[in-house]
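Here is the structure we will look at.
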Amino acid sequence: MTPLKLTMQGMEPLNDNTVNIRFSVDSEQPFVVIAGQFLRLHFTQNDGFETFRSYSVATIFPEEKAILDDIEIAVSWVPGGLATEKLSAMKVGEQMDATGPYGRFCLLPDRHDRYFLIATGTGVTPYRAMLREIELRLQSGSEFYVVMGAQDESGLLYEADFMAMDERHENFHYVPCLSRNQRPEPKGNDQSGYVQHYLAGHDFDPENDIAYLCGNPNMVDEAFKLLKEKGMPVPLIKREKYVSPPVRKK
C-alpha cells in the first residue's frame with residue numbers, strides 16, 4: 001500500500017462526539033481510491049508501540065475511482081482512546097503518517113435492481129463516498145435504500161447529503177431508523193427501532209437485490225443473519241465491521 005503524509009486542514013463537529021476531519025494528501029505517486037475504501041492512520045502509543053486505526057474515506061468522490069488530493073474522514077471520540085487523544089490535539093498544518101487505500105467494500109461492477117446500503121454510526125461514510133456513483137446507477141434504473149441506524153437525530157451523520165439525493169431521485173430512499181428518541185417533527189421516511197426491524201419488514205429478491213452492511217459489529221452480524229434467513233445469497237451480502245486492530249510492535 002502507498003505510504004501517505006496527511007496534513008490537517010480542518011475539523012468540524014458532526015454531533016457532540018463525532019467530527020469530520022479534512023486532510024490534504026501527500027504521496028510519491030497519485031493516490032487513487034475507489035469509493036468505499038479506507039485508510040490506516042498510524043499512531044505511536046505512549047509505551048513506544050506502533051498501531052493504526054482504520055477510517056473509511058468520507059469524501060464524495062467525483063467518480064467511482066478518483067485521484068484524491070484531499071480527503072475527509074469521520075471520527076467518533078472515545079474517552080481514553082489513542083486516536084481520540086492524538087487527533088483531537090492536532091492543529092491545522094500538522095502532519096501524520098497513513099497508508100492506503102485498503103478494502104473491497106465497493107459497489108460491484110454488475111448493476112443490480114435494488115441496493116440496500118445499511119449502516120450505523122460512522123459506518124455510513126463509505127455510502128457518502130459512493131453518492132456520485134449511486135447517482136449514475138439511479139439514472140440507469142437501479143433503486144437504492146440507505147438505511148441508517150442511530151439512537152437519535154444527532155447520530156444521523158451526513159444526513160443532508162442523503163436527503164438531497166432523496167429529493168432529487170424518486171428511486172433513492174433515505175431511511176433513518178431511530179432506536180431511542182424520535183424527532184420532535186418526524187420526517188417522511190423516519191422509522192422507529194433498529195435497522196434490523198426495518199429489514200425484517202421487507203421481502204428480498206435474491207436474483208436482483210444486493211445488500212451492504214457497515215458499522216457496529218452486532219448490527220452487522222444480526223442483519224447478516226436476518227438477510228440470509230430471508231433468502232439473500234451470502235456473496236450478495238457485503239460486510240464491513242468497525243473494530244479496533246491488535247497492537248503491533250515497532
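No gaps in the numbering here: position 55 of the sequence shown is 55 in UniProt numbering, and each next residue is one more. Glycine residues also receive a C-beta, built at the ideal position from the N, C-alpha and C atoms.
Simplified DSSP assignment, three categories, for residue i
i           : result
D161        : helix
D221        : helix
A150        : strand
R104        : coil
Y194        : coil
R180        : coil
residue 291 : Summary: the structure shown does not reach residue 291, with the chain confined to residues 1 through 250, and so no result is reported for it.
V247        : With a pLDDT of 45 at V247, under the threshold of 50, the predicted position of this residue should be treated as unreliable, and no value is reported.
L156        : coil
residue 254 : Nothing about residue 254 can be reported from this structure: the residues present for the chain run from 1 to 250 only.
R168        : helix
E207        : coil
E12         : strand
Opening and closing residue of the alpha helix (DSSP H) in which residue i lies
i    : result
E240 : Run containing E240: none in the alpha helix (DSSP H); it sits in the beta strand (DSSP E), 237-241.
Beta-carbon gap between residue i and residue j smaller than 8 Å
i    : j    : result
D69  : S140 : no
Y127 : V146 : yes
I142 : D113 : Checking the sequence, you will find Ser at residue 142 rather than Ile. Going by C-beta atoms, S142 is nearer than 8 Å to D113.
V175 : Q151 : no
G93  : M8   : yes
T18  : S88  : no
F61  : R168 : no
Selection from the options that minimises the alpha carbon distance to residue i
i    : options                : result
Q45  : N208, A119, E85, R114  : E85
R239 : E222, E229, K230, G231 : E222
V78  : E133, M96, D16         : D16
N181 : E170, Y194, V220       : Y194
N173 : I60, A98, S154, E135   : Note that residue 173 corresponds to His in the displayed sequence, not to Asn. Minimum Cα distance to H173 is reached at E135.
N- and C-terminal bounds of the beta strand (DSSP E) containing residue i
i    : result
K86  : Run containing K86: none in the beta strand (DSSP E); it sits in the alpha helix (DSSP H), 82-88.
E72  : 70-76
A129 : Not the beta strand (DSSP E): A129 falls in the alpha helix (DSSP H), residues 125-129.
Q29  : Neither: Q29 is in no beta strand (DSSP E) and is coded neither H nor E.
T59  : Element bounds for T59: n/a, residue is neither H nor E.
R111 : Segment: none, R111 is in no beta strand (DSSP E) and carries neither H nor E.
Margin query: With a threshold of 8 Å, are at least 3 pairs of Cβ atoms found where one atom belongs to the stretch 34-44 and the other to the stretch 85-102?
Written below: Judged by Cβ distances under 8 Å, the stretch 34-44 makes contact with the stretch 85-102, as three or more pairs qualify.
Margin query: Under 8 Å, with one C-beta from each stretch per pair, do the stretch 116-127 and the stretch 207-217 reach the 3-pair mark?
Written below: In short, these stretches touch, since the Cβ pair count reaches three.
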